[in-house]
Amino acid sequence: MNIALIGASGNAGSRILAELSTRGHQVTAIARTPENIAALPGVTARKGDLFDRDAMAALLRGHDAVISSVMFLVSDAEALLAAVKQAGVRRYLVVGGAGSLEVAPGVRLIDTPAFPAAYFAEASKGAEMLDRLRQEPEGLDWTFLSPAAMFIPGSRTGQFRLGQDSLLVAADGTSSISFEDYAVALVDELERPAHLRQRFTVGY
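Laid out in structure tokens, this is it:
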């Protein structure tokens, strides 16, 4: 497929880019500093301004899908969403956060006393984006993929669990996923859509 990846030089974005390239997709890799984007087969690096809706729409036009892998605090989620729709791209995948996942019925991770204060603002913005997507009328096939609580560098094992709206916790009480295995789950969803207009989660 012909994919536009916004935030292609970041922690998650760079792993998603590598996974897309390995699987033979053509990728327009977009970042504020395109020189930081890895030179990989099938990848074209482009400079993009997250806050310029018209310019971003021009970059996105003609792609089969858009993947957004940018921090919510340093981007305008509404402007990105508008650019995707203006570009006429129907498939939109968002690298989400864990904060909006439930740890008990009606209790989100972000609402628990132990949630780290340093991540609260970013997690709140991510939860707002999920709420916004859920209000989006028919016509945009969005997917929001939340990682486990610990989203960290690691290995590409291809062995993980998928869930829906509840935080995935391993038998030892930890909740984690590597950037590499997250990328596998996201590209799997891109190639074989199973969560259209839904949030799902991935963890060990």
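Residue numbers (this note's numbering): 6 to 209. The beta carbon of each residue, even a glycine, is placed where N, CA and C say it ideally should be.
Inset, instruction - Just grab the DSSP bridge partners of Ile-11 for me. - result: In DSSP, Ile-11 forms a bridge with Ile-35 and Ser-73.
Inset, instruction - Along the beta strand (DSSP E) that carries Glu-107, what are the first and last residues, could you check? - result: 107–109
Legend entry - beta strand (DSSP E) segment containing Gly-208, residue limits: From DSSP, the beta strand (DSSP E) with Gly-208 extends over 203–208.
Inset, instruction - Would you tell me roughly how many angstroms separate the C-alpha atoms of Arg-137 and Gly-131, rounded to the nearest one? - result: For Arg-137 and Gly-131, the distance between alpha carbons rounds to 10 Å.
Inset, instruction - Tell me whether Leu-78 is buried or exposed, calling it buried when 16 or more other Cβ atoms sit within 10 Å of its Cβ. - result: exposed
Legend entry - Any non-hydrogen atom of the ligand ATP closer than 7 Å to Gly-163 Cβ: With respect to the ligand ATP, the structure shown offers nothing to examine, as it has no ligands at all.
Legend entry - Which of helix, strand or coil DSSP assigns to Asp-92: Residue identity check: residue 92 is Ala in the sequence provided, not Asp. DSSP places Ala-92 in helix when its eight states are reduced to three.
Inset, instruction - My understanding is that Leu-150 touches Ala-190, with C-beta atoms under 8 Å, so please give their C-beta distance in whole angstroms. - result: 7 Å
Inset, instruction - Tell me, please, whether the region 106–117 touches the region 181–188 by the rule of three or more beta-carbon pairs shorter than 8 Å. - result: Fewer than three beta-carbon pairs drawn from the region 106–117 and the region 181–188 are found closer than 8 Å, and the two stretches are therefore not classed as touching.
Inset, instruction - Please name the residue, chosen from Gly-168, Glu-24 and Gly-47, that lies closest to Val-32 on a Cα-to-Cα basis. - result: Gly-47
Legend entry - For Asp-186, three-class secondary structure by DSSP: Of the three classes helix, strand and coil, the one that applies to Asp-186 here is helix, per DSSP.
Inset, instruction - Give every residue of the same chain whose Cβ lies closer than 7 Å to the Cβ of Leu-173, excluding the five residues on either side of it in the sequence, and list them in chain order. - result: Ala-153, Arg-166, Ser-180, Thr-206 and Gly-208
Legend entry - Segment contact, 8 Å Cβ cut-off, at least three pairs: the region 56–70 with the region 38–46: Taking one beta carbon from each stretch, the region 56–70 and the region 38–46 have fewer than 3 pairs nearer than 8 Å; the two do not touch.
Legend entry - Reduced DSSP secondary structure (H/G/I, E/B, other) of Val-112: strand
Inset, instruction - For the alpha helix (DSSP H) holding Ile-21, just list the boundary residues, first then last. - result: 16–27
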